[in-house]
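Here is the structure we will look at, set down as structure tokens.
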Amino acid sequence: MTLVKESNGLRYYQFEEFAKLGVKHGFFTRLGGVSPVPFHSLNMATTVGDSNENVLENLNRMFQVFNLDLSTRYDGWQVHSSTTICVKSSRDVRTRTIRGDALLTDNPDVTLVMRFGDCVPVILMDPIFRVAGIYHAGWKGTVKKIGKNVVENMVKVYGCNPQNIIAGIGPSIGPDHFVVQQDVSDQFIKAFPKDLDKIQIRAGDEVRYNLWEANELTLSDAGVKTIKRMDICTVCHKDEWFSHRGDHGKTGRFGVLISMAGME
Ligand SMILES: [Zn+2]
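Residue numbers (our numbering): 16 to 279.
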């Protein structure tokens with residue numbers, strides 16, 4: 016179940032299944048930040064034209080919701096890959112970030128953060144081995160099956176059993192809005208030959224895909240049993256979520272955070 020919470024003017028969404036475990040996490044709406052139009056207002060990305068000062072203040076506000084110190088953060092350089100980074104400690108912000116689209120950690124002193132604006136955000140947790148993660152799956156990451164790579168790393172690096180992993184798929188461009196051209200469609204056909212009827216929608220000349228379903232299928236094939244979805248389309252709900260397509264490229268990125276700090 017999806018929970019909607021508010022704190023100091025910030026509104027964020029949670030999965031009840033993660034909240035019950037005491038995992039600090041949130042899919043943060045665009046509300047409650049300091050950035051001006053068109054990044055209004057809780058923008059988490061400096062790469063879109065917003066100032067470093069605004070983004071830093073927005074990050075601070077997001078961390079304060081959970082009483083987390085900003086120095087605990089680890090944020091990747093998202094490049095639409097299927098690369099997973101296993102994070103041992105928080106990132107020294109004076110150094111360059113590593114390219115990757117999935118972050119995993121077993122360290123409760125690390126807060127994982129990623130940025131989204133139509134791509135699919137997925138959070139993961141293994142409550143037995145205490146491993147938390149986030150990954151970023153746009154259409155490229157989805158056809159590269161980044162979710163499979165993440166689960167394989169949880170098994171190989173941390174000894175997790177996929178059956179214990181819980182996953183939560185957050186807001187992104189929905190199947191009602193994700194229209195693609197033939198070249199992109201071809202890649203989905205190649206990646207999901209047996210499940211095409213579950214993820215492809217044809218209406219007249221238009222071909223659309225369901226990224227939530229595609230990512231759920233990938234996780235399920237990797238052995239994950241508990242997969243929750245918000246099924247919120249960012250393009251339909253631009254008032255709450257940054258949407259690259261919905262705002263025609265001039266917009267911000269919303270933050271997703273997960274931390275095991277303070278878990279019993
Ligand atoms: Zn929509």
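Idealized CB from N, CA, C, for every residue including glycine. This one's a predicted model, so the numbers in the text were calculated from it and none came from an experiment.
For residue 273, the closest of 267, 99, 33, 200 by C-alpha to C-alpha distance is 33. The region 162 to 247 contains, as complete alpha helix (DSSP H) runs of 4+ residues, the segments 197 to 206, 211 to 214, 226 to 236 (chain order). Residue 29: member of the beta strand (DSSP E) spanning 25 to 30, first to last residue. A distance below 7 Å between beta-carbons, with the five flanking residues on each side excluded, links residue 268 to the following residues of its chain, in chain order: 58, 59, 60, 63, 130, 131, 132, 257. For residue 155, the enclosing alpha helix (DSSP H) stretches over residues 154 to 158.
Three or more beta-carbon pairs separated by less than 8 Å link the region 85 to 97 to the region 146 to 158, which places the two stretches in contact. Just so you know, the alpha carbons of residue 83 and residue 16 end up roughly 25 Å apart. Look at the beta carbons and you see the region 70 to 83 touching the region 37 to 52: at least three pairs across the two are nearer than 8 Å. Inter-residue distance for residue 142 and residue 175 is about 9 Å (C-alpha atoms, whole angstroms).
For ligand 1, a non-hydrogen atom lies closer than 6 Å to the CB of residue 248.
Contact between residue 187 and residue 222 is absent: CB atoms are separated by about 18 Å, not below the 8 Å threshold. Here residue 279 is not bridged, per DSSP, to any residue.
Residue 110 has its alpha-carbon roughly 13 Å from the corresponding atom of residue 88. Of the other Cβ atoms in all chains shown, 16 or more fall within 10 Å of the Cβ of residue 180; this residue is therefore buried.
The beta carbon of residue 250 is closer than 6 Å to those of 188, 192, 258, 260, 261 in its chain, skipping five residues each way along the sequence.
At a Cβ-Cβ threshold of 7 Å, residue 182 and residue 242 count as neighbours. Of the candidates 116, 92, 122, 93, 122 places its Cα closest to the Cα of residue 104.
Taken through DSSP and simplified to helix, strand or coil, residue 83 comes out as coil.
Under DSSP, residue 140 forms a beta bridge with 147, 181.
Here the alpha carbon of residue 18 sits roughly 10 Å from the alpha carbon of residue 41. In this structure, residue 261 has its beta carbon at no less than 6 Å from each heavy atom of ligand 1. Residue environment: residue 233 is assigned as buried (16 or more neighbouring CB atoms within 10 Å of its CB, all protein chains considered).
In this structure, residue 191 has its beta carbon less than 6 Å from a heavy atom of ligand 1. Residue 128 counts as buried, since no fewer than 16 other beta carbons sit within 10 angstroms of its beta carbon. A check of alpha carbon separations from residue 218 across 195, 226, 145 identifies 195 as the nearest.
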